[in-house]
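J.: The numbering of the sequence shown is my numbering, which starts it at 181 and goes up by one.
For glycine and all other residues, C-beta sits at the position ideal for the given N, C-alpha and C.
Note that this is a predicted model, so its numbers are computed, not measured.
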Amino acid sequence: GRIDLGIGRAPGSDGRTARALAPSGVPMDLREFPNQLLDLYGFLADDFPPDHEFHGIRAMPRPEAMPDLWLLGSSDVSAGYAAELGWPFCYAHFINSHRADSALEAYQKLFSPSPIASEPRPSIAVSALVAETEEEAERLSWSRWGWRLMGSAGRGGIPPPEEALAFEYTEAEREYLEMLKRRSIYGDPGQVRDQLLAMGERHGLDDFVVVTITYDYAARQRSYELLAEAFGLEPRAQ
């Protein structure tokens with residue numbers, strides 16, 4: 181198996197939630213984030229310099245092996261941090277697809293080797309959904325496409341596809357939905373495989389993180405199974 185440790189700079193929510201997550205109720209200055217990353221590595225690798233204030237402090241319990249560290253991000257800023265520190269970088273394409281090219285290019289161009297990685301290790305986290313047919317994949321995808329718009333109207337949770345399709349969207353919302361569809365990766369196994377391979381070749385990737393949002397758990401599980409089959413992956417022995 182494989183265990184990675186991905187670290188993100190943002191809480192993934194609004195400012196009020198960020199304050200709730202902060203120990204003092206006041207979010208830390210984001211300019212301190214690179215220092216936090218260095219401290220995390222120091223504790224995991226037991227590798228603080230002799231003159232560091234944390235030298236000699238050991239984090240317990242200690243794993244048999246340190247997990248691979250990845251910096252997660254959806255901007256050029258996070259890509260710059262990863263490059264400067266010499267960390268692997270996973271770009272959140274499912275959050276901010278139109279900045280992927282510039283962020284990954286900057287990461288690979290500015291990368292400095294480190295004890296963690298001797299060369300750039302880029303990855304992309306994508307939202308992808310696979311079904312037996314393109315039509316079924318599009319139908320299932322409506323749960324994700326309609327989710328946020330329906331949530332802002334007071335409908336909580338991931339909606340069933342039929343409910344998302346039947347929802348009365350404004351003209352502006354329909355334009356937004358069309359944009360979401362254009363940026364989404366969905367289809368039958370061969371279609372999704374080809375899209376991911378093309379993206380991987382474009383950015384020089386060996387890794388993908390796939391996020392699949394569906395109303396029905398069985399459809400989500402089947403999507404992962406079909407994607408694995410499309411790439412010739414074998415089930416792990418139990």
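Quick check: what's the CA-CA separation for L406 versus E314?
T.: 13 angstroms
J.: Which term fits I365, buried or exposed, when burial requires 16 or more other beta carbons within 10 angstroms of its beta carbon?
T.: buried
J.: Should I237 go down as buried or exposed, given a rule of 16 or more other Cβ atoms within 10 Å for buried?
T.: exposed
J.: For G253, write down the residues that DSSP places opposite it in a beta bridge.
T.: Y271
J.: Per DSSP, S307 forms a beta bridge with which residues?
T.: V391
J.: For P247, does the three-state DSSP call read helix, strand or coil?
T.: coil
J.: Can we say the region 316-329 touches the region 350-365, given the rule of at least three CB pairs closer than 8 angstroms?
T.: Counting C-beta pairs with one atom in each stretch, the region 316-329 and the region 350-365 have three or more that are closer than 8 angstroms, which means they touch.
J.: For the candidate residues Y356, L217 and T392, whose alpha-carbon lies nearest to that of A263?
T.: Looking at the Cα atoms, L217 is the closest of the given residues.
J.: Taking contact to mean 3 or more Cβ pairs, one atom from each stretch, closer than 8 angstroms, check whether the region 281-292 and the region 397-406 are in contact.
T.: no
J.: Using the rule of at least 16 other Cβ atoms within 10 Å of the residue's Cβ for burial, across every protein chain shown, is H273 buried or exposed?
T.: buried
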